[in-house]
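Be aware that the first sequence starts at 1, since it is given in this note's numbering, and climbs by one per residue. From the three backbone atoms N, C-alpha and C, an ideal C-beta is built for every residue, glycine too.
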Amino acid sequence: MGSAPGDIVTQEPMLVVILGPTASGKTALSLALAQKFNGEIVNCDSVAMVREFNVGTAKPTDAERERVPHHLFDVVDPTQYITAGEYARQARLVLWEIDSRDHLPIVVGGTGLYLRALTEGLFPGPQRSEELRQRLRQSATTRGPDHLHRVLQRLDPASAKKVHANDIPKLIRAIEVCLASRQKMSELWQRGRDPLRGFRVVRLGLDPDRAALYDRINKRARRMFEAGLIEETHTLLAKYGPTTRAFASLGYKQAAQHLRGELTREQAILAAQQAHRNYAKRQMTWFRREPEVTWFNGFGDNEQIQRQAIARVEALAAPASK
RNA sequence: GGCGCGGUACCCAAGUGGUAAGGGAGAGGUCUGCAAAACCUUUAUGCGUCGGUUCGAUUCCGACCCGCGCCU
Numbered sequence: 001m002g003s004a005p006g007d008i009v010t011q012e013p014m015l016v017v018i019l020g021p022t023a024s025g026k027t028a029l030s031l032a033l034a035q036k037f038n039g040e041i042v043n044c045d046s047v048a049m050v051r052e053f054n055v056g057t058a059k060p061t062d063a064e065r066e067r068v069p070h071h072l073f074d075v076v077d078p079t080q081y082i083t084a085g086e087y088a089r090q091a092r093l094v095l096w097e098i099d100s101r102d103h104l105p106i107v108v109g110g111t112g113l114y115l116r117a118l119t120e121g122l123f124p125g126p127q128r129s130e131e132l133r134q135r136l137r138q139s140a141t142t143r144g145p146d147h148l149h150r151v152l153q154r155l156d157p158a159s160a161k162k163v164h165a166n167d168i169p170k171l172i173r174a175i176e177v178c179l180a181s182r183q184k185m186s187e188l189w190q191r192g193r194d195p196l197r198g199f200r201v202v203r204l205g206l207d208p209d210r211a212a213l214y215d216r217i218n219k220r221a222r223r224m225f226e227a228g229l230i231e232e233t234h235t236l237l238a239k240y241g242p243t244t245r246a247f248a249s250l251g252y253k254q255a256a257q258h259l260r261g262e263l264t265r266e267q268a269i270l271a272a273q274q275a276h277r278n279y280a281k282r283q284m285t286w287f288r289r290e291p292e293v294t295w296f297n298g299f300g301d302n303e304q305i306q307r308q309a310i311a312r313v314e315a316l317a318a319p320a321s322k
């Protein structure tokens with residue numbers, strides 16, 4: 001039977017998740033909440049985890065990091081890669097740690113897949129195999145784009161139906177799973193995910209007006225170039241070489257194209273702005289599917305939005321009395 | 001004023017006497033270990049304007065308008 005009124009219900013600790021597109025003011029909102037509620041901030045943005053990629057990533061400043069504890073920023077070497085699974089493992093560790101201090105964990109997320117891996121978990125599949133991927137990518141280029149889809153069709157028809165024949169990365173992962181585990185990926189999925197337990201997840205979403213967001217993105221992307229994005233890219237390129245994963249990310253890609261002489265500086269700025277705008281749109285598509293989000297129609301640095309968010313957290317923190 | 005070239009969607013752009021490629025943007029979507037990645041869907045009863053020829057014109061002809069270049 002359910003708990004009768006008056007029962008002492010031991011509440012699980014709260015976990016606040018702030019989500020929203022790039023440049024929507026997640027960082028500002030996270031700081032406001034952290035200061036109000038004795039919180040600690042946990043990054044959920046794949047590129048902000050990488051060390052030395054600074055100008056183009058909009059990481060919190062040193063001053064901001066002094067105000068409240070920050071986690072999972074600058075934890076990955078530029079030559080390494082991280083995956084959604086690895087992120088989820090690390091983030092969960094951090095969450096428990098914060099909870100042990102009786103502080104409020106605040107996950108600030110731009111990377112939808114990582115966020116879902118953290119809260120919902122992933123299916124019990126094998127980790128990725130670099131050599132296998134290399135081979136598959138090779139055969140995709142030599143034997144045509146349909147080849148991988150045919151391979152998956154043979155290995156796991158159910159999965160093949162779900163992945164479009166042009167979507168190489170997803171085809172590769174599906175084939176990799178089947179080969180490495182000797183089981184069909186579609187069957188492994190049946191076993192479900194390993195969701196985060198022990199926290200009440202409270203999702204706060206920022207959804208500012210699209211035109212205003214795009215305007216802000218444009219300004220910020222230009223500011224990154226003015227703040228030395230090209231110079232930083234040049235330095236990192238010399239230090240780590242062009243195959244480094246993070247050079248494929250927003251802004252760095254365009255800065256690198258400029259350094260190679262493919263774009264003028266101005267063209268690179270315009271292209272970076274465009275890429276950021278496209279990204280923001282994709283993020284919104286992802287986040288709209290997140291469950292139980294309290295949406296705020298505005299930017300996270302807006303005081304009124306911050307007050308609303310604080311009120312929302314307070315309301316949910318109070319023991320539900322009915 | 002004359003000559004030449006051009007005017008096709010929000011932008012770039014192909015094209016044909018038989019009913020408008022492609023790319024980008026915008027919008028929507030997918031996402032279970034590279035995700036700031038990758039992929040999918042969608043957008044002109046309309047081709048500067050007005051006439052003419054024709055069964056049929058965006059395509060051919062004429063006039064006009066606009067832009068660019070050159071000449072005087």
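Cα-Cα, which of the options is closest to residue i?
i      : options                         : result
Pro208 : Ala91, Ile106, Ser24 and Asn218 : Ser24
Phe247 : Glu52, Ile41 and Thr294         : Glu52
Arg289 : Lys239, Ala268 and Arg116       : Arg116
Phe123 : Trp189, Gly144 and Phe73        : Trp189
Ala174 : Phe199, Leu213 and Arg128       : Arg128
Quick check: what's the CA-CA separation for residue i versus residue j?
i      : j      : result
Ser3   : Ala318 : Annotation note: pLDDT 44 at Ser3 (below 50); position unreliable, no value reported.
Gly192 : Arg65  : 37 Å
Ile106 : Arg223 : 27 Å
Ala309 : Thr22  : 18 Å
Leu229 : Glu262 : 16 Å
Gln11  : Arg203 : 17 Å
Arg67  : Phe225 : 27 Å
Arg312 : Leu179 : 47 Å
Thr294 : Glu231 : 40 Å
Glu292 : Val17  : 11 Å
Leu15  : Asp102 : 12 Å
Ala48  : Leu113 : 15 Å
Starting from residue i, follow its DSSP beta bridges and name the residues at the other end.
i      : result
His70  : Ile41
Pro105 : Glu40
Trp295 : Gly205
Arg200 : Met14
Val47  : BP columns for Val47 are empty, so no partner.
Residue j and residue i - do their beta-carbons sit closer together than 8 Å?
i      : j      : result
Pro60  : His70  : yes
Leu152 : Ala140 : no
Gly85  : Leu19  : no
Thr285 : Ala255 : no
Ile98  : Glu40  : yes
If you count every other CB in all the chains shown that lies within 10 Å of the CB of residue i, and 16 or more means buried, which is it?
i      : result
Glu176 : buried
Ala268 : buried
Asp45  : buried
Gly198 : exposed
Ser321 : Note on Ser321: pLDDT 49, under 50, position unreliable in the model; no value is reported.
Thr244 : buried
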